[in-house]
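Here is the structure we will look at, set down as structure tokens.
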Amino acid sequence: MHKINRNISATAIIAALYVAITLALAPISFGVVQLRLSEMFNHLAAFNKRYIFAVTLGVLIVNVFSPLGPIDMLFGTAGTLIGTTLTYFCTRKVTSLIGKFTIATICQLPGMLLVDLEMHLYSNLPMFPTYWILAAGEIASMVIGAFFIYLISTKVDLYK
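For what it's worth, our numbering labels the leading residue of the sequence shown as 261, then goes sequentially.
Okay, structure coming up:
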């Protein structure tokens, strides 16, 4: 029972933090040019698979407030699910934190293709340039976030 409560609590906390950080920084969290710092939580999938659901849930909830609303809930949430799932599977045997953070950052890029497609279909933006703008913001968020997740990992066992 303790493990179930821990999983539910950790999932709820990460989802809530994702939503709170994204909304607190809303002017830079939505749109083509974005620095969604809450994306740092994608790194957590490298430590425990429960964070796949936690971050995906956070994205689903916060995208209710997106200018594109339901469309962003679909595309953005699916992109996060892809990125965090790839992170989990690609880092399972990696022991280096730098390795985990690097792989987690790279694993977010395929999911950004869905957000790029969303921007193309619903905002008539060109796919190729839009992808690289989105990817640059994602990479920046993940690199900045790696620093914070590293600091947290020195105090909290993220594997549990």
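No residue lacks a Cβ here, since even glycine has one placed at the ideal position from N, Cα and C.
Assuming residue i and residue j make a contact with CB atoms under 8 Å, what is their CB distance in whole Å?
i	j	result
threonine 351	isoleucine 342	Rounded, the Cβ-Cβ distance is 15 Å, inconsistent with contact.
glycine 371	threonine 340	6 Å
tyrosine 348	glycine 318	Their Cβ separation, rounded to whole angstroms, is 16 Å, which puts tyrosine 348 and glycine 318 out of contact at 8 Å.
alanine 275	alanine 314	5 Å
phenylalanine 307	leucine 418	4 Å
Classify residue i as buried or exposed, calling it buried when 16 or more other Cβ atoms lie within 10 Å of its own Cβ.
i	result
serine 298	buried
methionine 387	exposed
tyrosine 382	exposed
lysine 360	buried
serine 269	exposed
isoleucine 281	buried
threonine 414	exposed
Could you say which of the options lies nearest to residue i if we only look at CA atoms?
i	options	result
leucine 374	Val315, Val292, Leu285	Val292
valine 403	Arg266, Phe301, Pro330, Ile281	Phe301
lysine 309	Leu346, Thr365, Asn265	Leu346
alanine 396	Ile331, Leu317, Leu369	Leu369
cysteine 367	Ser413, Ser269, Ala314, Leu304	Leu304
arginine 296	Ile412, Thr355, Ala400, Ala276	Ala400
isoleucine 312	Ala272, Phe290, Gln294, Leu283	Ala272
alanine 406	Leu357, Glu378, His380	Leu357
Any Cβ of chain B within less than 7 Å of the Cβ of residue i?
i	result
isoleucine 363	As a matter of chain content, chain B is missing from the structure shown, which is built from one protein chain.
Confirm the yes/no value for this check: CB of residue i, any heavy atom of the ligand SAM, distance under 6 Å.
i	result
leucine 369	Ligands displayed in this structure: none; no statement on the ligand SAM is therefore possible.
Starting from the C-beta of residue i, find all residues in its chain whose C-beta is less than 8 Å away, skip the five residues before and the five after it, and write them out in chain order.
i	result
asparagine 323	Gly329, Asp332, Met333, Gly336, Thr337
Report all residues from its chain with a CB closer than 7 Å to the CB of residue i; omit the five preceding and five following residues, and keep chain order.
i	result
threonine 316	Thr337, Thr340, Leu341, Thr344
isoleucine 393	Val292, Val293
valine 354	Lys360, Ile363
methionine 379	Val292, Leu385, Thr390
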